[in-house]
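In what follows, a single structure is set out as structure tokens and then discussed.
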């Protein structure tokens, strides 16, 4: 037996070309051609997929791919031309339906054909850079049907007409529309865009341009915006139902452009219904709608914001310049707070808490609050009013809320140092007359001011509170001590004020009645005994007294009066009648205060414990005063005018302002020196800018004043002008 | 002590030009110099007050009349500057010597002639600003005085700047007398007036910028002019 040679099997391809007989190729093609016809004629059921596939396969295999392909093209085109005709011939409303149906047919046919010709699709087509069958089918449809002269225009017109009808309220066949647009999308997004979307957008633009013109003539702002919003919603809905999703942004921007952007100014400024009216009426829904619509267009929000700002500034300006309003400071500030509340609400409810609107609100308030240079005083008076009585019965959280709102206004003030001065005065009056309704509220306010402005601002205010507390302790000590044996004499409650912390009220003490002097001196001795090296001065322009008075028919009353008033009344213990001059001499009270006191004692109904001759309202130097034994009151305790903090008279105002200006000078100088010390050499403008920014938390310095201070510093040789460049200043160590 | 009298007779020492030239020149010139000094000193003592040893206002007055120049004339001020005189109305011997030596003037007639040269010298820009500052300081008569009152400042402006800057000075003087903000002028403001005249176009004032470091008094001055113009 011979050894079996291991032989590897080799399968060799045909080395020779197996030529398919061209006639055979033609026959094969004919079979396929016939099949295509049958498919288009809805007669595909009789066909054998396997056979057709094999035929196509063979053609390609035997290098007849080209014939197959071009045959396919011709056949399909032929069919499509017939289809085109039938579509063209369809009447009116059936046009789209026919098109849709034929498209469906074509797709089905194309599917089958593609399956049959799959081998060609996978081999012949790529290597010969031919369009694949499916795509080919679509392109042929596009060229023969969609872009055929008669159909192209008619298709577009039909679509646009239907859309127009829907816009004017008719109901249309949306699913049909969807199919058609989907067809266009399937044919390629450029087909959809060129053949439909572009003209659609143009037509829409002119539609909305027309509609907006019409509406703007007959609608008011709110109505118009409602309609615009509705149209926008409509278009979005339309897209979702039967247009390509990418069209949404395009069509909405058309509507926005035509309906909103083009008419922005007119809408916003519309008489009786424009933005200003809507703001005034607090119509949140309309405002919110406007915000959302205008937000979509360029410069929309800035237009709204600008109108709101100028309106705010205008109303604010009117408010702060209206003399009627300014008569009552508390009312004035309440109006400011109400205005702020109103707009805060608008911004949060309708403007989405938009920060740029918040900023516009802030800058407007800052603008007009500072137009009136009495704003700092008035805000302090408002707080004074609230801390005196206005907050009784209000819960603690509500107190905080009110004070926080006031702090908002405070922040807008440029002249915070003026506010400080007034606040001090008003606080002093409150503390000394015991008129503060809630200690906690007072403290809370101080804390808020400290947080806002720093320790320096409130240190003196806190000093005032400390003094009040210390005084209570001092009084306890006094009455426990030997000095206080009074027996029947008057009792005294002393508040000892540290000079630096309290607002300066220079006044010479008046003549106190002897009985009072006695106990006062005792106190002085006691106090100086425990605090050596201090100096005490009685502030007779402040302080109160309770006096027991008996009148004509024996009625006893207890009168609560100011120190000055007490001095005046005690004089009547030794005389029933006194002239103005006698009173003046006896008490040494300064004339303007004396007149005010006498008015409150003699000219006010229900409080006239004195009688004046003549009975005029004004106090003249020749007037005579009598003890009014006929005085009656239903109250046992009668309070006679402790002056609450009032807004200052003109001369007082001038004085305060002058003091503020004086106080500012050293602050400006200190800032200049600080800056120059660190920078050594600076030009004028930079100094002004730096000084302003350093002081802005307290006040806005006047550049002229800054220049004056610089010159003063030059004179005092803290600074000099640079010898070479006289625009510069130099620090002199 | 008695040297001066012999010199006064003017007997000159005969000079031999050929022998030891520099020596003799030096001695001659030094003799001439010392003669000059003597004459200057003598001139001083002619006007000085015997007890104080200074030329006082009275002395200056007669000096001026000899010079045939009014004592309020700016040239007297220039002379004071040249002397670096410290106190207005008084000249010390040292100051006198300094000035007259610098002018090479030892007689009244030479002084008279030198005045026009002096004027030219002062007019030179470098000297002028020095002269200008000097004239202010010269008016500070009290110890520690730093300012001069408006009236005097106006007169001084007229005297010192009037020739060169007549229109500016007239307007400025008018303003200074009219305004109420300032009652005195300090050195800083004074210096700025000259700067103003030199740098700012007048009467257009178009290159005046109030944002720069001009003193406030000039800002107000410019504003006042502009208001009057409109």
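Chains as they are written, first to last, in this note's numbering: chain A, 1 to 733; chain B, 1001 to 1230.
Beta carbons: idealized from backbone N, C-alpha and C, even for Gly.
In terms of beta-carbon proximity, residue 1186/B lines the interface with chain A, with at least one pair separated by less than 8 Å. About 7 Å separates the beta carbon of residue 1082/B from that of residue 1103/B, a gap short enough to meet the 8 Å contact definition.
Closer than 9 Å at the C-beta level to chain B, one finds these residues of the segment 698-721 of chain A: 703, 704, 707, 708, 710, 711, 714, 715, 720 and 721. DSSP places residue 577/A in no alpha helix (DSSP H) but in the uninterrupted beta strand (DSSP E) bounded by 577-579. In the structure shown, residue 597/A falls within a helical segment according to DSSP collapsed to helix, strand and coil.
Under the DSSP assignment, residue 1165/B falls outside any alpha helix (DSSP H); it carries neither an H nor an E label. Identification of residues in the segment 1201-1219 of chain B having a C-beta nearer than 8 Å to some C-beta of chain A yields 1211, 1212, 1213, 1215, 1216 and 1219, given in sequence order. In this chain, the alpha helix (DSSP H) harbouring residue 86/A covers 65-89. For residue 727/A, the closest Cβ of chain B is nearer than 8 Å. Between residue 401/A and residue 386/A a beta carbon distance of about 11 Å is seen, past the 8 Å cut, so the two are scored as non-contacting.
For residue 660/A against residue 417/A, the beta-carbon gap comes to about 6 Å, under 8 Å, which counts as contact. One finds 1211 in chain B with Cβ atoms closer than 7 Å to the Cβ of residue 685/A, taken in chain order. Residue 368/A sits close to residue 316/A, with the two beta carbons spaced by under 8 Å. Residue 1130/B counts as exposed, since fewer than 16 other beta carbons sit within 10 angstroms of its beta carbon. Along the segment 1134-1157 of chain B, going in chain order, the ones with a CB nearer than 9 Å to a CB of chain A are 1146 and 1147. For residue 1166/B, no Cβ of chain A is located within less than 8 Å of the residue's own Cβ. The C-alpha of residue 435/A lies about 10 Å from the C-alpha of residue 428/A.
Going by C-alpha positions, residue 1181/B is about 17 Å away from residue 1192/B. One Cα belongs to residue 687/A, the other to residue 675/A, and the distance between them is close to 8 Å. DSSP links residue 550/A through a beta bridge to 556/A. With its beta carbon less than 8 Å from one in chain A, residue 1195/B belongs to the interface. The beta carbons of residue 112/A and residue 44/A sit closer together than 8 Å. Closest in C-alpha terms to residue 482/A, from the list 222/A, 525/A and 470/A, comes 525/A. In this structure, the CA atom of residue 91/A is about 11 Å from the CA atom of residue 154/A. Counting every other CB atom within 10 Å of its CB across the protein chains shown gives residue 1111/B a total of 16 or more, marking it as buried. Within the same chain, no residue comes within 6 Å of residue 440/A by CB-CB distance, once the 5 residues on both sides are set aside. Rounded to the nearest whole angstrom, the C-alpha separation of residue 689/A and residue 363/A is 20 Å. Contact annotation: residue 561/A and residue 547/A have beta-carbon atoms nearer than 8 Å.
Ranked by how close their Cα comes to the Cα of residue 656/A, the residues 350/A, 499/A, 425/A and 325/A have 425/A in first place. As summarised for the segment 111-194 of chain A, the continuous alpha helix (DSSP H) elements at least 4 residues long and confined to that stretch are 133-141, 149-167, 174-186 and 189-192, given in chain order. Residue 259/A and residue 231/A do touch by the CB rule: their CB atoms are close to 7 Å apart, below 8 Å. Put simply, of 683/A, 673/A and 493/A the residue whose alpha carbon is nearest the alpha carbon of residue 694/A is 673/A. Per DSSP, residue 688/A is one residue of the alpha helix (DSSP H) stretching across 684-695. By the CB criterion at 8 Å, residue 459/A and residue 496/A fall outside the cutoff.
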